[in-house]
Amino acid sequence: MMLQQRIYTKIYFAYNEYKRIELLFYNETNSTALHFDGFDFIYKAFLIDVAEFFKELEYSIQQEKVFFEIEDIRQDDLLNKTYVGLSNGDIFQIYSVMDDENAGQILSIFEKNIGVSGSAFEQEIYKEAVERLKKAEECKVYLNNSPMPED
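When you read off a place in the sequence shown, starting at 1, and then add 35, the result is the number in our numbering.
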């Protein structure tokens, strides 16, 4: 996985019309973004405005840090899961679920501080998230002007 930019100042979240999660890791300083569209990661070298349908993720608002550094992006195609590992040890996991006839996605955030100092159950859940991240394959990050994969 080759990231053009690893440091972002805000994280935005949205559900698109297909119930797919969209994440936008945005760097206000240099107007760059890493966009997860529900399937792929696309690096955007110049993004002036964040679309209105994006809302800042509560996780982003509550953090005391002024930046988020992405350390790893991986996908497990067999389990249909996507992972984003941050340098602080926190892990974002995005996975698909079936809801009647619809296939939506859920975002889970595993925070290292809870995984280390929480209950035995919370510690075990965090350890399992770390293992799943390590076992998943590296994910390709597309440039905003590069061709997207065919469906």
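Glycine included, every Cβ here is placed at the ideal spot set by N, Cα and C. Values in this document were obtained by computation on a predicted structure and should not be read as measured data.
Nearest-angstrom beta carbon gap, residue j and residue i [assumed within contact, 8 Å]
| i | j | result |
| --- | --- | --- |
| Glu106 | Ser122 | 5 Å |
| Lys100 | Gly124 | About 12 Å separates the two Cβ atoms, so there is no contact after all. |
| Phe103 | Phe60 | 7 Å |
Buried versus exposed, by CB contacts within 10 Å (16 or more), residue i
| i | result |
| --- | --- |
| Thr64 | exposed |
| Gln128 | buried |
| Ile56 | buried |
When the options are compared against residue i, the one with the closest alpha-carbon
| i | options | result |
| --- | --- | --- |
| Cys174 | Thr67, Lys116, Ala80 | Lys116 |
| Gly73 | Tyr43, Leu113, Lys54 | Lys54 |
| Ile126 | Ile108, Val176, Glu93, Leu178 | Ile108 |
| Tyr177 | Thr67, Lys79, Ser66 | Lys79 |
| Phe48 | Asp111, Ala86, Thr67 | Ala86 |
| Gln110 | Glu52, Glu166, Thr67 | Glu166 |
| Phe120 | Tyr161, Ser154, Asp134 | Correcting the residue identity first, residue 120 is Gly in this sequence and not Phe. It is Tyr161. |
| Glu52 | Ala155, Asp112, Ala138, Leu113 | Ala138 |
Span separating the alpha-carbon of residue i from that of residue j
| i | j | result |
| --- | --- | --- |
| Phe81 | Asn62 | 10 Å |
| Ile46 | Asp75 | 16 Å |
| Gln97 | Glu91 | 10 Å |
| Tyr190 | Ile42 | Missing from the structure shown is residue 190; the chain here goes from 36 to 186 and no further. |
| Leu168 | Ser143 | 13 Å |
| Tyr50 | Phe89 | 8 Å |
| Thr44 | Ile77 | 17 Å |
| Asp112 | Glu136 | 21 Å |
C-beta atoms of residue i and residue j nearer than 9 Å
| i | j | result |
| --- | --- | --- |
| Gln40 | Leu69 | yes |
| Ile149 | Glu159 | no |
| Gln140 | Ser152 | no |
| Ala164 | Phe145 | yes |
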